[in-house]
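FYI, the numbering for the sequence shown is 1 to 282, going by my numbering.
We put the beta carbon where it would ideally sit given N, CA and C, even for glycine.
In this text the structure is predicted, and so the values were computed from the model without any measurement.
These notes concern the structure reproduced below.
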Amino acid sequence: MSSTLKRAAGAVTRAPVGYWNGLTYPFKGVSFVFAKHPGLVKIWIFPILITLLVFCLGSWASWSFADEIISEWWAEPEGDGFFDGVARFFHSFVEVLLSLFMWVASIIVLLFLTSVIAAPFNGALSEAVERLATGRAESPGGLRVFARDIGRTIVLELLKLVLYLAVMVPLMILQCAVPGFGSVLYSIFAFVFTAWYWGLDYIDWPAERRGWKVGERFAHARANFMTLFGFGTGVWLFLFIPFVNLLFMPAAVAGGTLLYLDMVGPAPDSGGEDPVAPPAAH
């Protein structure tokens, strides 16, 4: 790790390495945002409202259109006979399954789009978390800097989304092409990659503020794979809790920022504009 980072005020210079250490940071993020610094609500309320809107739209679309879609290729059976009753039962069963599938698929797609739309707010939240965690003065610029960074932040989020789809789409094709083995491989690799991806995603805002290039960010993420995988696993745990998952994004942003600070340390006192090189992998 560079000597500049080691001398940074308040820096924790010993990088936390390991799955279990990374797993604790989503919980630290929850405590930081909701218990220690409730005033951050003025920043994170906007992504939450966007997420709630997306959730409502996805739920409405899936339950509203499932019946129309299934009726296009399988009309609801009519008649009073035994087999007609069995057919109606399976028709309703398939309709429920299709609705659930459409709901999950629409929520996943819309949440990825939400992450792009909410990225500027999450970047502002990450900066506020770093300022509070390190005791630094608020950076100048305010809304002007926020507006300036919107375009760059959205482009970066779109690039990360392309990366995720470039890995996951071939896995989905393999799952369909090779039943059994493909499904097992998809389930394992999709979980590991998604958890690691979330770790990379949520430490990306402080890396962006330090001017790290994309290649440097991926190199750092590979060098700390198990730590980020542990962090992403913690994110998974919260996303499986109904309703809690709708409020979890600010905690994930805070947890990722705290993890980054403990791995790298705060930026030197240079106004936050000079690029800071990532530390060498241990």
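> Just checking my contact of Pro47 with Phe231 at CB under 8 Å: how many whole Å lie between their CB atoms?
Replying inline: Rounded to the nearest angstrom, the Cβ distance from Pro47 to Phe231 is 19 Å, too far for a contact under 8 Å.
> Would Gly234 pass as a contact of Leu23 if the rule is Cβ separation under 7 Å?
Replying inline: Yes, they are a contact pair.
> Out of curiosity, what's the CA-to-CA distance linking Phe121 and Ala221?
Replying inline: Computed Cα separation, rounded: 23 Å.
>> For His37 and Leu258, I'd like the C-alpha separation in whole angstroms.
In response: Cα-Cα distance, rounded: 14 Å.
> Are Val167 and Phe191 close, meaning C-beta to C-beta below 7 Å?
Replying inline: Cβ distance not < 7 Å, so Val167 and Phe191 don't count as in contact.
> What do you reckon, are the CB atoms on Trp205 and Ser126 nearer than 7 Å?
Replying inline: Yes, the pair counts as a contact, with Cβ atoms nearer than the cut-off.
>> Tell me the rounded alpha-carbon separation between Ile117 and Phe55.
In response: Roughly 14 Å separates the two Cα atoms.
> Secondary structure at Thr24, three-state DSSP: helix, strand or coil?
Replying inline: Look at Thr24 here: in three-state DSSP terms it is coil, with no helix or strand label.
> Just the Cα atoms here: how many angstroms apart are Leu40 and Asp262?
Replying inline: Rounded to whole angstroms, Leu40 to Asp262 spans 21 Å at the Cα level.
> Per DSSP, what kind of secondary structure is Asn224 in: helix, strand or coil?
Replying inline: Coil.
>> Short of 6 Å in beta carbon distance, which residues of its chain neighbour Gly271, apart from the five on each side in sequence? Order them along the chain.
In response: Because Gly271 carries a pLDDT of 46, less than 50, the predicted location of this residue cannot be relied on, and the following value inherits that uncertainty. For Gly271, there are no CB contacts under 6 Å within the same chain when 5 residues up- and downstream are skipped.
> When every heavy atom of the ligand ZN is checked, does at least one fall within less than 6 Å of the C-beta of Pro38?
Replying inline: Within the structure as shown, the ligand ZN is missing, as the structure has no ligands at all.
> When you compare only the Cα positions, how much space is there between Val33 and Val86?
Replying inline: Rounded to whole angstroms, Val33 to Val86 spans 52 Å at the Cα level.
> Can you round the beta-carbon distance between Ala119 and Ile154 to whole angstroms, since I take them to be within the 8 Å contact cut?
Replying inline: 6 Å between Cβ atoms; contact.
> Between Leu237 and Asn245, is the Cβ-Cβ spacing less than 7 Å?
Replying inline: Taking C-beta atoms as the reference points, Leu237 and Asn245 fail to come closer than 7 Å.
> Hey, how far is the Cα of Val94 from the Cα of Ser64?
Replying inline: Straight-line Cα distance between these residues: approximately 15 Å.
> Hey, would you say Leu200 sits closer than 7 Å to Tyr186, going by beta carbons?
Replying inline: Between Leu200 and Tyr186, the gap from beta carbon to beta carbon reaches 7 Å or more.
> What distance in whole Å lies between the Cβ atoms of Tyr260 and Ala223, which are believed to be in contact at a cut-off of 8 Å?
Replying inline: No, Ala223 and Tyr260 are not in contact; Cβ-Cβ is about 13 Å, not under 8 Å.
> How long is the line joining the alpha carbons of Ile241 and Met249, rounded to whole angstroms?
Replying inline: Near 13 Å, if we compare the C-alpha coordinates of Met249 and Ile241.
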